[in-house]
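Protein sequence lines, in the order shown, are assigned to chains V and C. Heads up: the first sequence begins at 247 in our numbering, then just goes up one per residue. Heads up: the second sequence begins at 247 in our numbering, then just goes up one per residue. We put the CB at the ideal spot given by N, CA and C, even for glycine. Since we're looking at a predicted model, the values are computed, not measured.
Protein chains: 2
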Amino acid sequence: MNGKPPIFTNCADCSCKSSIFKSLGTDELGEINTGRFHVAYKAGEIMFKQGTPSSHFVCITSGLSKIYIEGYGKNLILALVKPVDYIFGPGVYIDNKHYYSASAIEDTTACLVDTAIFKKLIRSNPDFAESFIKRLSMQTLFNFEQVISLTQKQMHGRIADALFYLSEKIYCANPFNMTISRQDLADLSGMSKESAIRILKEFKEEGILSVDGNLFDILNIKHLKQISETG
Amino acid sequence: MNGKPPIFTNCADCSCKSSIFKSLGTDELGEINTGRFHVAYKAGEIMFKQGTPSSHFVCITSGLSKIYIEGYGKNLILALVKPVDYIFGPGVYIDNKHYYSASAIEDTTACLVDTAIFKKLIRSNPDFAESFIKRLSMQTLFNFEQVISLTQKQMHGRIADALFYLSEKIYCANPFNMTISRQDLADLSGMSKESAIRILKEFKEEGILSVDGNLFDILNIKHLKQISETG
DNA sequence: ATTCTTTATTGATATAGATCAATGATTACA
DNA sequence: TGTAATCATTGATCTATATCAATAAAGAAT
């Protein structure tokens, strides 16, 4: 958040592009660049809504956003998306609709690219196609972990999983600056906000976690891992 | 179950191959055929175990099988697989491991094909690759529906969803012959076997469902749809 | 600063659903 | 053809978790 991210005029020169683009040559990156535009979202703003047409691939270049399914009365956060990761929903290859919504948690910038270009490159470049399939597979594995956590673990285990997700996968730090709300934490763990808060409180009381303002510190990683394992 | 399924010696001539093979030419089907073998599983037999190396694509040619994650103390059935559908797990493109187990519910026959051939064809045939990606996308959408059903609906809604899944997607009939156990129904709906049985009983009492031996009949589809909707 | 609005926290209560335990009904099987 | 083994059913009890309600804290706005 200190200093603006560098905005390059060409994907080929971009130092912060998603690793999936590694398999693309200069010409292909040029194609991507042609149909690309850069957008800035303020924290809280919706990037796209579930049910609306899905015409663009979204690459997050700064900030933090969430993708979430608007279910029966409450939301389920499928993932948080940070630089330099992209959002490319399953509807693109089915009916060009969004099957989840996305919104900015922190101020976020993103590059949008027409999905048609993306699909064309998948057809013409087998390496790119394979990278894409690998990425889809990774997401599926992540979904599996999440559904097992949500359906077979109790609240303590689910909050433990969410804290590790935040620390290891999103903020990539241990004392980390928590930028998502308690409601988001709850939506990530499939429980009510109040329950999430209570679990955090217990973790604090047991010395597993310290919370100082927005600074979260997992003090006893081993114990928290165990809570994650034992449900 | 009456009469054996026709077993052809060549994929090109096979009348019961998965629709994904439509985009393959005779030569390509020949390649598939070369590395293919046909296996029969008895009801209850495990086809492959979560955690073991995943070397083959599995196409179900007769019978019914389930794919399920062995979680913390209980199983979650991700899907039932019937002819002519295939099993190709997300581990194939990641680390060649199975991330779920599969077992035969009814006596089941299947064609196995080395995943290397499959991956090669995905690289060489863009239509095939696209069909494959579409199929992955469909599975992802199905996962989304399932996770929302499991995490945001109460038991009645989840059993309703499972009954519609069985009737509409698996047995493709309304009075249908139930070949999965109550435990499987429970594992499909993320609840205990006892709870699943109790919900069935309530549905019977309310005239929504009739159960005569193994014959299930959804008597009031509209009402059951409503139960599915209202959680 | 002061008010307004959102977000976080805590407590009390209600309940969906699991678990345990017992029994009945099928199916395998020797 | 009876005995074991599995599967289905029902009831009683317990608990994890949601919901409701009230308050506190933290930002945002004027």
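Look at the alpha carbon of Lys328 (chain V) and the alpha carbon of Gln429 (chain V), and state the distance between them as a whole number of angstroms. So the two alpha carbons sit approximately 19 angstroms from each other.
Give me the Cβ distance between Asp433 (chain C) and Leu322 (chain C), rounded to the nearest whole Å; I'm assuming they're in contact under 8 angstroms. Contact holds; Cβ gap of about 6 angstroms.
Given a cut-off of 8 angstroms on the beta-carbon distance, is the pair Val338 (chain C) and Ser300 (chain C) in contact? Against a cut-off of 8 angstroms, the Cβ pair of Ser300 (chain C) and Val338 (chain C) comes out as a contact.
Taking Gly436 (chain V) as the query, report the chain C residues whose CB atoms sit under 7 angstroms from its CB, ordered along the chain. What Gly436 (chain V) touches in chain C: Thr397.
Quick one: what's got a C-beta closer than 7 angstroms to Thr280 (chain C)'s C-beta in the same chain, skipping five residues either side? Within the same chain, Thr280 (chain C) has no close Cβ partners at all.
Using a cut-off of 7 angstroms between C-beta atoms, extract the partners of Met384 (chain V) located in chain C. Result: Ile340.
Who are the Cβ neighbours of Ser308 (chain C) in its own chain at under 7 angstroms, not counting the five residues just before and after it? Excluding its 5 nearest sequence neighbours in each direction, Ser308 (chain C) has C-beta neighbours in its own chain below 7 angstroms: Pro251, Pro329, Thr354, Thr355, listed in chain order.
Please check the pair Leu294 (chain V) and Ser347 (chain V), which I expect to be a contact at CB under 8 angstroms, by giving their CB distance rounded to whole angstroms. In the sequence on display, residue 294 (chain V) carries Phe and not Leu. Their Cβ separation, rounded to whole angstroms, is 6 angstroms, which keeps Phe294 (chain V) and Ser347 (chain V) in contact under 8 angstroms.
Per-residue DSSP class, three states only, for Leu465 (chain V): In the structure shown, Leu465 (chain V) sits in coil (DSSP, three-state: anything other than H, G, I, E or B).
Is Glu440 (chain V) buried or exposed, if buried means 16 or more other CB atoms sit within 10 Å of its CB? With fewer than 16 other Cβ atoms within 10 Å, it is exposed.
Minimum length 3: unbroken beta strand (DSSP E) runs contained in the segment 330-378 of chain C: Taking only runs of at least 3 residues, the beta strand (DSSP E) segments lying wholly in the segment 330-378 of chain C are 347-350, 354-360.
Within the chosen definition, does the segment 445-460 of chain C reach the segment 405-416 of chain C through at least 3 CB pairs nearer than 8 angstroms? The segment 445-460 of chain C makes contact with the segment 405-416 of chain C: 3 or more CB pairs, one atom from each, lie closer than 8 angstroms.
When the Cα atoms are used, what is the spatial distance from Ala286 (chain C) to Ser383 (chain V)? Take the alpha-carbon of Ala286 (chain C) and the one of Ser383 (chain V): they are about 28 angstroms apart.
Rounded to a whole number of angstroms, what is the C-alpha to C-alpha distance between Glu451 (chain V) and Gly459 (chain V)? Cα to Cα, the separation comes out at about 16 angstroms.
Compile a chain-ordered list of the residues in the segment 315-334 of chain V whose CB is closer than 9 angstroms to at least one CB of chain C. Residues are counted here when their Cβ sits less than 9 angstroms from a Cβ of chain C; for the segment 315-334 of chain V these are Ile315, Gly317, Tyr318, Gly319, Lys320, Leu322, Leu324, given in chain order.
Can you tell me where the alpha helix (DSSP H) with Asn256 (chain C) in it begins and where it stops? Counted as a single uninterrupted DSSP element, the stretch harbouring Asn256 (chain C) is not any alpha helix (DSSP H), since DSSP gives it neither H nor E.
Can you name the residues of chain V whose CB is closer than 7 angstroms to the CB of Phe390 (chain C)? The answer, in chain order, is Ile315, Tyr345.
Taking Gly403 (chain C) and Thr397 (chain V) to be in contact with their CB atoms under 8 angstroms, please state how far apart those CB atoms are, rounded to whole angstroms. Taking a contact as a CB-CB distance under 8 angstroms, the pair Gly403 (chain C) and Thr397 (chain V) does not count as one, their CB atoms being some 14 angstroms apart.
Please report whether the beta-carbon of Val393 (chain C) lies at a distance below 8 angstroms from any beta-carbon of chain V. Between Val393 (chain C) and chain V, the shortest Cβ-Cβ separation is below 8 angstroms.
Got a sec: which bits of the segment 457-472 of chain V sit with their beta carbon under 8 angstroms from any beta carbon on chain C, in order along the chain? Those residues of the segment 457-472 of chain V that come within reach of chain C (Cβ to Cβ, closer than 8 angstroms) do not exist; the list is empty.
Helix, strand or coil at Met401 (chain V) according to DSSP, with G and I counted as helix: Reduced to three states, the DSSP call for Met401 (chain V) is helix.
Any C-beta of chain C under 8 angstroms from that of Glu376 (chain V): Yes, because at least one Cβ of chain C sits closer than 8 angstroms to the Cβ of Glu376 (chain V).
Could you confirm whether any beta carbon from chain V is found closer than 8 angstroms to the beta carbon of Pro336 (chain C)? Interface annotation, Pro336 (chain C): in contact with chain V, CB-CB separation under 8 angstroms.
Can you give me the start and stop residues for the beta strand (DSSP E) that Glu316 (chain V) sits inside? Unbroken beta strand (DSSP E) run through Glu316 (chain V): 311-316.
Spatial neighbours of Phe334 (chain V) in its chain, beta-carbon cut-off 6 angstroms, leaving aside the 5 residues before and after: Apart from sequence neighbours up to five positions away, the residues of its chain that approach Phe334 (chain V) with a beta-carbon distance below 6 angstroms are Phe303, ordered along the chain.
Going along chain C in order, which residues have a C-beta closer than 9 angstroms to the C-beta of Ile368 (chain V)? Result: Pro372, Ala375, Glu376, Ile379.
For Ser264 (chain C) versus Cys305 (chain C), is the C-beta spacing smaller than 8 angstroms? Yes, they are a contact pair.
For Leu310 (chain V) and Ile351 (chain V), what's the separation of their Cα atoms in angstroms? Each residue's alpha carbon lies about 6 angstroms from the other.
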